[in-house]
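4 protein chains.
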Amino acid sequence: MTLKAIQKLVDDWICQFEEGYWPPLSMLAAVVEETGELAREINDREGYKKKRAPDSTNLGLELADVIFSLVCIANYYDIDIEAAFIEVLGKYSKRDMNRWTKKSSDTG
Amino acid sequence: MTLKAIQKLVDDWICQFEEGYWPPLSMLAAVVEETGELAREINDREGYKKKRAPDSTNLGLELADVIFSLVCIANYYDIDIEAAFIEVLGKYSKRDMNRWTKKSSDTG
Amino acid sequence: MTLKAIQKLVDDWICQFEEGYWPPLSMLAAVVEETGELAREINDREGYKKKRAPDSTNLGLELADVIFSLVCIANYYDIDIEAAFIEVLGKYSKRDMNRWTKKSSDTG
Amino acid sequence: MTLKAIQKLVDDWICQFEEGYWPPLSMLAAVVEETGELAREINDREGYKKKRAPDSTNLGLELADVIFSLVCIANYYDIDIEAAFIEVLGKYSKRDMNRWTKKSSDTG
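Residue numbers (my numbering), protein chains in the order written: chain A, 1 to 108; chain B, 1001 to 1108; chain C, 2001 to 2108; chain D, 3001 to 3108.
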């Protein structure tokens, strides 16, 4: 499934309801709420007291909840996530190339 | 570009460096940092004092920064975002169908 | 109750347990989790669909949860919140004085 | 300085400007922005690459920024933080007493 297909899927989902997209600051609050649930899930798993067996199901759902809430914001503002993503990768390539240690090539 | 392709792209990017993925709670802190920048961007645009002309470029980059940081977490835990996303949409369909007002059909 | 008293109260509370303070990135994840619950509470109240009667009890508790999680971080790093707070107010006074509209004095 | 004094100080600060308090979802976005800066500060210090010498000044200011943004929300809703804080400590005492390991008494 492409990013464009996902943006379309979310748009179809939202637009079936009369309420449509929430105002941006409400959508942002939803992102924050979902990020909080992701934080709890990761803290349970990695924090001081590791409570859970390594089951990735819940974590996957929490991640997808956050991404859904971000796609809503992108759709509201007519943002093409794929294009933005490619631009960001280009930005990282310039910025971070000397910040981290490049693996040495195997040849030679 | 598919979600799988994006997960692969991020993995290739991270794995070119010896440092590789950060520990999960550090990756989460990165998500929080990027979400903070997204919040500032939306608040500038929608908040009490609307300062900016409607240019979506920065907002798109901030959104992509957040998504990049989430894809890192997904990759670290071997989570298939596409599968999780489809599961989440199914969950919403059950949960929210009666929460919002379905648009009435045009027929009839 | 002074801020110093609150920092002491939180320290006494944490130090009664053998586990003591969590590592910083876990405490940060707790801040994020609590901020997410605050976001839900405010969104319920102010968002697209206002659901609740204006009862401030839950909101107060969510705010206090966030503050508790921040005080833990401050204590861990031996930060005097009161001193930092006063410094921040000074910073705002310099930075924001011309950013907002000063109320005109009432005296003619 | 008491919590009440801090709430008053913030109120005096905000009310000197004609703009006054922002709408709640904008104030929440400010909390998220400041929490993002706190996250960066802690990640720099504790994350994969520890970059900084143990200077607590910045961290203290970031913490105070977050607390300031929370006090704004409390003031807007007429919430008495001290009362909420005491209630929360009572809640933790009930909930967490058996969750953590109580230090054994020294006597005996």
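Ideal Cβ positions, reconstructed from N, Cα and C, are used throughout, including at glycine.
Cβ shell of residue i (< 8 Å), same chain only, five flanking positions each side left out
i: residue 3108 of chain D; result: Confidence at residue 3108 of chain D is low in this model, with a pLDDT of 38, below 50, so the placement of that residue should be treated as unreliable; the coordinate-derived value is given next. Same-chain partners within the cutoff: there are none.
i: residue 1071 of chain B; result: 1006, 1007, 1010 and 1081
i: residue 3096 of chain D; result: none
Integer-rounded CB distance, given that residue j should sit under 8 Å from residue i
i: residue 1047 of chain B; j: residue 3022 of chain D; result: 6 Å
i: residue 1088 of chain B; j: residue 1031 of chain B; result: Contact flag wrong, Cβ pair sits at about 17 Å.
i: residue 3039 of chain D; j: residue 1039 of chain B; result: Going by Cβ atoms, the distance from residue 3039 of chain D to residue 1039 of chain B rounds to 12 Å, so no, they are not a contact pair.
i: residue 2077 of chain C; j: residue 3025 of chain D; result: Not a contact, Cβ separation roughly 31 Å.
Between the CA atoms of residue j and residue i - distance to the nearest angstrom
i: residue 3090 of chain D; j: residue 84 of chain A; result: 47 Å
i: residue 2006 of chain C; j: residue 2068 of chain C; result: 9 Å
i: residue 75 of chain A; j: residue 13 of chain A; result: 12 Å
i: residue 2004 of chain C; j: residue 3001 of chain D; result: 8 Å
i: residue 2018 of chain C; j: residue 3093 of chain D; result: 15 Å
i: residue 2034 of chain C; j: residue 98 of chain A; result: 36 Å
i: residue 2020 of chain C; j: residue 3102 of chain D; result: 10 Å
i: residue 1079 of chain B; j: residue 64 of chain A; result: 10 Å
i: residue 1057 of chain B; j: residue 86 of chain A; result: 13 Å
i: residue 1104 of chain B; j: residue 2104 of chain C; result: 53 Å
Contact list for residue i against chain B, beta-carbon separation under 7 Å
i: residue 3032 of chain D; result: 1035, 1036 and 1039
Residues that residue i contacts on chain A, provided the C-beta gap is smaller than 7 Å
i: residue 1100 of chain B; result: 17 and 19
Contacting residues, own chain, Cβ-Cβ under 6 Å from residue i (five flanking each side not counted)
i: residue 2073 of chain C; result: 2027
i: residue 62 of chain A; result: 37, 38 and 41
i: residue 1015 of chain B; result: none
Residue i: contacting residues in chain A (beta-carbon distance under 8 Å)
i: residue 2042 of chain C; result: 29
Contact set between residue i and chain C, taken where Cβ atoms lie within less than 8 Å
i: residue 1089 of chain B; result: None at all; the shortest Cβ gap to chain C is about 20 Å.
Residues that residue i contacts on chain D, provided the C-beta gap is smaller than 9 Å
i: residue 2103 of chain C; result: 3015, 3016, 3017 and 3018
Contacts of residue i in chain C (Cβ-Cβ under 7 Å)
i: residue 3065 of chain D; result: 2088
Within-9 Å CB hit, residue i to chain G
i: residue 1011 of chain B; result: Within the model displayed, chain G is absent; protein chains A, B, C and D are what it includes.
Heavy atom of the ligand PLP within 8 Å of residue i beta-carbon
i: residue 1087 of chain B; result: Absence of the ligand PLP is noted for the structure shown, with no ligands found whatsoever.
Legend entry - 4 or more residues per run - each alpha helix (DSSP H) lying fully within the stretch 2005-2075 of chain C: Runs found: 2024-2046.
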